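Numbering (full-length UniProt numbering), first residue to last: 497 to 749. Cβ coordinates follow ideal geometry from the N, Cα and C atoms, glycine included. This one's a predicted model, so the numbers in the text were calculated from it and none came from an experiment.
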Ligand code: G
Ligand code: G
Ligand code: MN
Ligand code: NA
């Protein structure tokens, strides 16, 4: 309860900070983009992870304000990075409560115009369950954004209960395969074959595939072998602050 009033204040008093985790092309090690991940620099409790306040923000509806702040902030930072010759993309997590609002498309358009970020540098990450909950409203909204060049990713793919048949109907560009599948590829033959089937299906549907939570070289090697194009995880980098992003982009690969 105390944290709730606190969070409202934090959003207005600049106590929230973004960290950014790179996505990496598996063949070359080249950075393709970053995912924005929010943290709360609490004056008393120190740096709080989203696990300790995002669920509360979801329950109270504060997540709309929180994620709107994240969207604008991430676009502003990405606009600076787009002048880099690598032009990395920025991925932002979007919650159900944002997507169902009638002004969602307008908010995204404003974040782009105010920051100067080109639409093709922005990816919106949405979980399967969120899209499937409200297909009628969400699909046309996502289509509108994609028409502008924004990319849509399904986050934590494989953890929902959706039928695969639905996937072909969705206006999406990227599948982010959940860490729980990547955890199994090096040690468990059955787990590996399921993960390989997901990656192959993603290819067939002309989607880009991101393997999440890659922690060790064996997993990266296995993913290269099954032609997964992109990885994300501690193996390459933890989420880092803005200075860390500049360091990663100027480091020789
Ligand atoms: O950043 P990890 O480093 O600890 O994030 C933990 C969880 O919090 C993840 O499931 C992630 O999707 C979620 N999360 C991180 N940043 C945001 C955000 O800006 N908005 C929302 N809604 N969730 C976020
Ligand atoms: O739910 P979502 O995929 O948006 O959140 C990504 C979460 O996964 C963040 O909490 C991020 O810090 C975490 N993460 C990213 N890479 C790794 C990894 O290699 N290992 C573990 N354990 N967590 C990771
Ligand atoms: Mn995500
Ligand atoms: Na994920």
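In this structure, residue 599 has its beta carbon at no less than 6 Å from each heavy atom of ligand 3. Shortest gap from the CB of residue 534 to any heavy atom of ligand 1: under 6 Å.
Pairing residue 708 with residue 584, the inter-Cα distance amounts to about 18 Å. Residue pairing of residue 589 in beta bridges, as defined by DSSP: 621. Of the candidates 511, 514, 502 and 525, the residue whose Cα lies closest to the Cα of residue 748 is 525.
A distance of 7 Å or more separates the beta carbons of residue 567 and residue 503. Counted as a single uninterrupted DSSP element, the beta strand (DSSP E) harbouring residue 652 occupies residues 647-653. Within the DSSP secondary-structure output, residue 672 pairs in a beta bridge with 706.
For residue 639, the CB contacts under 8 Å within the same chain, skipping 5 residues up- and downstream, are 667 in chain order.
Here residue 731 is near residue 710, since their CB atoms are less than 7 Å apart. Of the candidates 713, 507 and 679, 507 places its Cα closest to the Cα of residue 565.
Here residue 540 carries a coil assignment [DSSP, helix/strand/coil]. The alpha-carbon separation between residue 738 and residue 630 amounts to approximately 35 Å.
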